[in-house]
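*Asks:*
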Amino acid sequence: MTAEIVRFLFAIMLCIANMIIYGLKVNIATAIVGMVKAKKEDELHMDVHHECDFGVDDSAKVDIDGPFDWSATEQGLVVSIYFAGYLIGMFPSGYFADRFNTKNVLLICVFANAILTMLVPVAAHMLVVLYIVRFFTGLLSAANLPVVNVLVGKWVVYEEKSMWVAIIYAGTSLGTVVSILSSGIILDSLGWEAVFYIHGSLPLIWCVLFYLFFADNPETQRYISNKEREYIVSSYGHRQLESAKMKVPWKEIFKSVPFWALLYTNTFGNFCWYFLLTQLPLYMNKILRFNIKSNAALSCTPYFINALVNPLLGKLLDWGRQKNYWSQTVGRKIAVFISCIPPCTCLVIIMYIGCDRIGSTVLLIFSIVLCGAIFVGHLCNQNDLAPNYAGILMGITNTPGTISAFILPAMVGALMESGHTMARWRFVFWVNIVAQVSAFVVFVIFGSGEIQSWNYILPTEA
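In the numbering used here, the protein residues as written are 24 to 485.
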């Protein structure tokens, strides 16, 4: 084996884990089109035909008449209740990620999500039961990002961090692509139940491989050369092997200005990403009038581009730092700028070109591609500030960072209860724009990409 093969394979497994969690997160946004009664949709949204009239084009007609008579608010809650569980589970999962065997926490996370996904077709016949299943799916998926962040700190060498982080987090985009595309195809050919049965069963293969062949850290990995093991470990000389024995410097963390900047940016800098992730298929269907197949193809296009562009951006940020063109801090601020300001510009233009189908679609694609820079920006900043406490920091900062994923689908559902209009969607767009711009301003002034002094707090007595 070459010196890089094991950490490369481990990074690929983390990438696939992100694919699984994100894929299972968003598949219901497409599947729900085939779960609800088409007649109910038409009755609720008659006014949308007057908003964007594409003449004889009937592409937006719902092709599948589902069995469930859910209102727009109920549909929004089916999507958003996942993020309520995700929100509640984020902080404790971040603590567990730093305190227990990280590999096993991730394994439980993926396995539980797979099983709960396969329960959706049965649970859907009682809406309250579906809410419970979706809530616990979100709760048990909350460990994903904190755990991956901790594993990045254990396995990724410092000199390659931005590039490998981008590759690992490209799984979130790839998972979205595969989930949306396959959901549309499965829904159209096999029915909505098959979406959850197929998507829930495939991750079990990953669970078996991850359990058998990979370890929590390079020090305990069986299938690795001594040369590669030493290379990885020496890169992170500031990382403690037994983080469970480290005392968490809570006082120093909450006195840290870069920490508060990260907390604010995580809270408001995720708005556009989660909005487009959860609501883009709905906007494409109700305003731009795309059918299931076209909607799925167009909705997943930006995530595919994102999966290709983000590793290149990460490599560019690493290259610039190594050449001393910019510091780690400046590199993170560049990524935060890309994820905040250009997407907001696209949303402003979309609001005022109205029913321009081509223009709106192109701008929406650009928005998501640019928003993806969050994964080489503030979403990996925890490892910059304190690698020893990356999981805990992710748990703290990403807890409020998930609020937007919960409130935006519910907000859209409530606003569109009487019908989908551009005026109502503009209000949602402005909420996202204000949040994103404020996140950029705070991070560019107070954010940092340097390791903080409290990362080196000495271990407690055993």
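The beta carbon of each residue, even a glycine, is placed where N, CA and C say it ideally should be.
#1: Taking all protein chains shown into account, do 16 or more other C-beta atoms lie within 10 angstroms of the C-beta of PRO304, making it buried, or fewer, making it exposed?
#2: List in chain order: all unbroken alpha helix (DSSP H) runs of 4+ residues lying wholly within the segment 362-406.
#3: I need the straight-line Cα distance from CYS38 to VAL170, nearest angstrom please.
#4: Should ALA120 and ALA189 be called a contact, given that it needs their Cβ atoms to be closer than 8 Å?
#5: To the nearest angstrom, how far is it from the Cα of ASN411 to the Cα of GLN345?
#6: Tell me the DSSP secondary structure of PHE360 in three-state form.
#7: May I ask which residues mark the beginning and end of the alpha helix (DSSP H) holding GLN475?
#8: In terms of DSSP beta bridges, what is VAL59 paired with?
#9: Are the beta-carbon atoms belonging to ALA319 and LEU340 less than 8 Å from one another?
#10: Taking the alpha helix (DSSP H) that CYS75 belongs to, which residues open and close that run?
#11: Would you be able to state if there are at least three C-beta pairs under 8 Å between the segment 196-207 and the segment 90-109?
#12: Less than 7 Å between C-beta atoms, sequence neighbours within five positions excluded: which residues of the same chain meet that for ALA462?
#13: Give the DSSP-derived three-state secondary structure of ASP239 in the structure shown.
#14: Can you give the Cα-Cα distance for TRP477 and ILE419, rounded to whole angstroms?
#15: Are the CB atoms of ASN172 and LEU47 within a distance shorter than 8 Å?
#16: Which residue from CYS367, THR384, SER257 and GLU242 puts its Cα closest to that of ARG312?
#17: Report buried or exposed for THR160, applying the criterion of at least 16 other Cβ atoms within 10 angstroms of its Cβ.
#18: Looking at ARG449: is its Cβ nearer than 8 Å to the Cβ of LEU438?
#19: In terms of alpha-carbon separation, which member of TYR109, LEU168, PHE106 and SER94 lies closest to LEU130?
#20: Would you check if the distance between the CB atom of LEU331 and the CB atom of ILE391 is smaller than 8 Å?
#21: Where does VAL29 fall in DSSP's three states?
#22: Could you check how far apart the C-beta atoms of THR53 and SER206 are, in whole angstroms? I think they sit under 8 Å.
#23: Following the continuous alpha helix (DSSP H) through ASN421, name the residue where it begins and the one where it ends.
#24: Alpha carbon to alpha carbon, how far is GLU183 from ILE361? Give it in angstroms, no decimals.
#25: Have a look at TRP283 and PHE277 and give me their C-alpha separation to the nearest angstrom.
#26: Starting from GLN244, follow the alpha helix (DSSP H) in both directions and report where the run begins and ends.
#27: Alpha carbons only, please: which of SER258, PHE429 and HIS443 is nearest the one belonging to ILE111?
#28: On the criterion of 16 or more Cβ atoms from any shown chain inside 10 Å, does HIS222 qualify as buried, or is it exposed?
#29: Can you tell me where the alpha helix (DSSP H) with LEU197 in it begins and where it stops?
#30: Roughly how many angstroms separate the alpha carbons of PHE452 and CYS367, rounded to a whole number?
#31: Run through DSSP, which three-state label would HIS222 get?
#32: Take GLU473 as the anchor and find which of ILE388, LYS356 and VAL371 has the nearest alpha-carbon.
#33: Among residues of its own chain, excluding the 5 on either side of TYR297, which ones have a beta-carbon nearer than 7 Å to its beta-carbon?
#34: Just verifying my parser: in three-state terms, what is the DSSP assignment at ALA147?
#35: According to DSSP, simplified to helix, strand and coil, what is TRP349?
*Replies:* On the basis of the data shown:
#1: Residue numbering aside, residue 304 sits at position 281 when the sequence shown is read from its first letter. Buried: at least 16 other Cβ atoms inside 10 Å.
#2: 380-394
#3: On the sequence shown, residue 38 is found 15 positions in, with the first residue counted as 1. On the sequence shown, residue 170 is found 147 positions in, with the first residue counted as 1. Rounded to whole angstroms, CYS38 to VAL170 spans 12 Å at the Cα level.
#4: Residue numbering aside, residue 120 sits at position 97 when the sequence shown is read from its first letter. Residue numbering aside, residue 189 sits at position 166 when the sequence shown is read from its first letter. No, the Cβ-Cβ distance between ALA120 and ALA189 is not below 8 Å.
#5: The residue given as residue 411 occupies position 388 in the sequence shown. The residue given as residue 345 occupies position 322 in the sequence shown. Their backbone Cα atoms lie some 23 Å apart in a straight line.
#6: Sequence index remark: in the sequence shown, residue 360 carries index 337 (1-based). Reduced to three states, the DSSP call for PHE360 is helix.
#7: Position 452 of the sequence shown, counted from the first residue, corresponds to residue 475. Taken as a continuous stretch (DSSP letters only), GLN475 belongs to no alpha helix (DSSP H), as it is neither H nor E.
#8: Locating residue 59 in the sequence shown gives position 36, where the first residue counts as 1. PHE91.
#9: Within the sequence shown, residue 319 is the residue found at index 296, counting from 1. Within the sequence shown, residue 340 is the residue found at index 317, counting from 1. No, the pair does not count as a contact, with Cβ atoms beyond the cut-off.
#10: Here the question's residue 75 lines up with position 52 in the sequence shown. It is not in any alpha helix (DSSP H) - CYS75 carries neither H nor E in the DSSP assignment.
#11: no
#12: Here residue 462 refers to the residue found at position 439 of the sequence shown. So the list reads TYR287, THR288, PHE291, GLY292 and CYS363, once near-sequence residues are dropped.
#13: In the sequence shown, the residue the question calls residue 239 occupies position 216. Reduced to three states, the DSSP call for ASP239 is coil.
#14: For the purposes of this step, residue 477 is taken as residue 454 along the sequence shown, with counting starting at 1. For the purposes of this step, residue 419 is taken as residue 396 along the sequence shown, with counting starting at 1. Cα to Cα, the separation comes out at about 16 Å.
#15: Your numbering for residue 47 matches position 24 in the sequence shown. Your numbering for residue 172 matches position 149 in the sequence shown. Contact: no.
#16: If you number the sequence shown from 1, residue 312 lands on position 289. Of the candidates CYS367, THR384, SER257 and GLU242, the one whose C-alpha sits nearest the C-alpha of ARG312 is THR384.
#17: The sequence position of residue 160 within the sequence shown is 137, counting from 1. When all chains shown are included, THR160 counts as buried.
#18: For this step, residue 449 is matched to residue 426 along the sequence shown. For this step, residue 438 is matched to residue 415 along the sequence shown. No. Outside cutoff.
#19: Here residue 130 corresponds to residue number 107 of the sequence shown, with the count starting at 1. With distances taken between Cα atoms, LEU130 lies closest to LEU168.
#20: What you label residue 331 is simply residue 308 of the sequence shown in a count that begins at 1. What you label residue 391 is simply residue 368 of the sequence shown in a count that begins at 1. Not a contact, by the Cβ cut-off of 8 Å.
#21: By one-based count along the sequence shown, residue 29 stands at place 6. DSSP places VAL29 in helix when its eight states are reduced to three.
#22: The sequence position of residue 53 within the sequence shown is 30, counting from 1. The sequence position of residue 206 within the sequence shown is 183, counting from 1. That belief holds up - the Cβ atoms of THR53 and SER206 are roughly 4 Å apart, short of 8 Å.
#23: Residue mapping note: residue 421 aligns to position 398 of the sequence shown, counting from 1. Counting along the chain, the alpha helix (DSSP H) containing ASN421 begins and ends at 413-424.
#24: Translated into positions along the sequence shown, residue 361 becomes position 338. Translated into positions along the sequence shown, residue 183 becomes position 160. Distance between the alpha carbons of ILE361 and GLU183: 21 Å.
#25: The sequence position of residue 283 within the sequence shown is 260, counting from 1. The sequence position of residue 277 within the sequence shown is 254, counting from 1. If I take the Cα positions, the gap works out to 7 Å.
#26: Within the sequence shown, numbered from 1, the residue matching residue 244 stands at position 221. Here GLN244 belongs to no alpha helix (DSSP H), and DSSP marks it neither H nor E.
#27: To locate residue 111, count along the sequence shown from 1; it is residue 88. Of the listed residues, the one whose Cα sits closest to ILE111 is PHE429.
#28: Residue mapping note: residue 222 aligns to position 199 of the sequence shown, counting from 1. So HIS222 ends up on the buried side.
#29: Here the question's residue 197 lines up with position 174 in the sequence shown. Looking at the DSSP string, the run of the alpha helix (DSSP H) that includes LEU197 is 184-212.
#30: The residue given as residue 452 occupies position 429 in the sequence shown. The residue given as residue 367 occupies position 344 in the sequence shown. If you take the alpha carbons of PHE452 and CYS367, they lie about 9 Å apart.
#31: The count along the sequence shown starts at 1 and reaches residue 222 at position 199. Correct three-state label for HIS222: helix.
#32: Here the question's residue 473 lines up with position 450 in the sequence shown. Looking at the Cα atoms, LYS356 is the closest of the given residues.
#33: Working through the sequence shown from its first residue, we reach residue 297 at position 274. If we look at TYR297 and ignore the five residues flanking it on each side, its Cβ neighbours are SER427, ALA428 and LEU431.
#34: The sequence position of residue 147 within the sequence shown is 124, counting from 1. Coil.
#35: Walking along the sequence shown from the start, residue 349 turns up at place 326. In this structure, TRP349 counts as coil in the three-state DSSP scheme.
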